[in-house]
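In our numbering, the protein residues as written are 12 to 266. Notes follow once the structure below has been shown.
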Ligand code: ATP
């Protein structure tokens with residue numbers, strides 16, 4: 012899979028009506044019936060920062076992302092993206108505020124063309140010159156998507172589908188990109204491709220919030236990480252510190 016060095020930099024800033032902002036989360040709680048999946052966690056993602064969440068299956072990572080986006084019921088003392096109180100925003104309107112989401116399992120539409128899948132990412136915008144030029148920017152980032160734009164999404168490889176899911180999220184010109192397990196099911200080579208894309212998005216100034224079970228990828232893709240266990244944050248610090256933490260290395264890197 013190839014991606015060029017083209018990145019949504021200044022063009023993105025011009026197209027976006029939303030200023031970059033910090034995500035501030037305080038005392039976030041998610042309950043599913045009797046299961047408390049997220050137990051009052053606090054974190055922030057500053058402008059241009061990249062933050063990773065690692066942890067075992069069921070630790071509460073995906074619930075944290077979904078709660079941030081309003082996709083599950085939650086409470087929080089504070090859930091702000093800049094001046095926007097996300098607790099008061101309908102989930103379908105979150106992308107209007109400059110937040111893009113790449114869901115776990117990609118959730119692409121296999122029966123729609125690659126181009127139509129990408130167009131879905133611009134559902135809050137009127138289709139016109141701006142969205143047409145945006146789709147060309149996405150093809151510049153991921154040339155393979157341009158080459159296959161008329162193919163059905165379901166015909167793409169797992170790695171290409173992941174690029175399509177990221178491209179779809181980029182259609183709305185996000186300033187903060189939230190990714191849930193983008194490496195899931197991908198070969199090591201394709202995991203490297205995903206890492207490269209995230210690093211280039213970071214380089215273009217995008218804020219990143221990344222959930223992964225692949226701790227190695229997370230440490231390389233982010234500058235700050237936290238470890239979740241049983242709905243709580245148990246370790247928190249610079250990615251480089253966590254990478255060298257003996258306990259984290261033993262549990263999450265198998266070293
Ligand atoms: P994974 O990597 O397996 O997705 P995770 O760290 O993302 O794990 P969550 O998916 O957030 O964890 O799940 C946290 C807890 O909440 C788990 O105990 C899970 O079984 C439970 N859970 C998640 N979604 C639901 C739901 N819709 N209804 C009930 N319980 C749920």
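All C-beta atoms, glycine included, are put in the ideal place defined by N, C-alpha and C.
Using alpha carbons as the reference points, say which of the options lies closest to residue i.
{"i": "residue 201", "options": "67, 170 and 166", "result": "170"}
{"i": "residue 238", "options": "68, 29 and 40", "result": "68"}
{"i": "residue 248", "options": "143, 61 and 51", "result": "61"}
{"i": "residue 148", "options": "172, 199 and 180", "result": "180"}
{"i": "residue 77", "options": "150, 97 and 185", "result": "97"}
{"i": "residue 70", "options": "49, 89, 83 and 165", "result": "49"}
{"i": "residue 36", "options": "55, 72, 105 and 84", "result": "55"}
{"i": "residue 198", "options": "118, 234 and 168", "result": "168"}
{"i": "residue 10", "options": "143, 126, 131 and 190", "result": "Summary: the structure shown does not reach residue 10, with the chain confined to residues 12 through 266, and so no result is reported for it."}
{"i": "residue 137", "options": "164, 183 and 121", "result": "183"}
{"i": "residue 131", "options": "155, 154 and 164", "result": "164"}
{"i": "residue 124", "options": "154, 102, 160 and 38", "result": "160"}
{"i": "residue 120", "options": "175, 29, 245 and 63", "result": "175"}
{"i": "residue 57", "options": "233, 240, 244 and 241", "result": "233"}
{"i": "residue 31", "options": "177, 217 and 191", "result": "217"}
{"i": "residue 246", "options": "94, 157, 53 and 142", "result": "53"}
{"i": "residue 243", "options": "65, 122, 157 and 33", "result": "65"}
{"i": "residue 40", "options": "72, 215 and 133", "result": "72"}
{"i": "residue 195", "options": "82, 206, 215 and 116", "result": "116"}
Just mark residue i as buried or exposed, buried being the case when its beta carbon has 16 or more other beta carbons within 10 Å.
{"i": "residue 74", "result": "buried"}
{"i": "residue 80", "result": "buried"}
{"i": "residue 263", "result": "buried"}
{"i": "residue 185", "result": "buried"}
{"i": "residue 193", "result": "buried"}
{"i": "residue 144", "result": "exposed"}
{"i": "residue 235", "result": "buried"}
{"i": "residue 213", "result": "buried"}
{"i": "residue 118", "result": "exposed"}
{"i": "residue 158", "result": "exposed"}
{"i": "residue 178", "result": "buried"}
{"i": "residue 63", "result": "buried"}
{"i": "residue 94", "result": "exposed"}
I need the straight-line Cα distance from residue i to residue j, nearest angstrom please.
{"i": "residue 255", "j": "residue 114", "result": "29 angstroms"}
{"i": "residue 92", "j": "residue 187", "result": "9 angstroms"}
{"i": "residue 225", "j": "residue 231", "result": "10 angstroms"}
{"i": "residue 220", "j": "residue 228", "result": "13 angstroms"}
{"i": "residue 152", "j": "residue 261", "result": "36 angstroms"}
{"i": "residue 258", "j": "residue 89", "result": "31 angstroms"}
{"i": "residue 135", "j": "residue 109", "result": "11 angstroms"}
{"i": "residue 51", "j": "residue 162", "result": "44 angstroms"}
{"i": "residue 271", "j": "residue 42", "result": "The structure shown does not extend to residue 271, since the chain spans only 12 to 266, so no value can be given for it."}
{"i": "residue 189", "j": "residue 84", "result": "18 angstroms"}
{"i": "residue 208", "j": "residue 146", "result": "17 angstroms"}
{"i": "residue 253", "j": "residue 139", "result": "45 angstroms"}
{"i": "residue 111", "j": "residue 223", "result": "17 angstroms"}
{"i": "residue 173", "j": "residue 210", "result": "15 angstroms"}
{"i": "residue 204", "j": "residue 129", "result": "19 angstroms"}
{"i": "residue 29", "j": "residue 46", "result": "36 angstroms"}
{"i": "residue 103", "j": "residue 33", "result": "20 angstroms"}
{"i": "residue 191", "j": "residue 100", "result": "21 angstroms"}
Please list, in chain order, all residues with a C-beta atom less than 6 angstroms from at least one heavy atom of the ligand ATP.
43, 46, 48, 66, 68, 69, 70, 71, 72, 73, 74 and 224
Mind pulling the beta strand (DSSP E) runs of 3 or more residues that sit fully within the region 160-194?
Counting only runs of 3 or more, we get 187-191.
Restricting to runs no shorter than 3 residues, where is the beta strand (DSSP E) found entirely within the region 30-88?
34-43, 46-56 and 61-66
Pick out the complete alpha helix (DSSP H) segments inside the region 108-150, 4 residues or longer, and give them in chain order.
125-131
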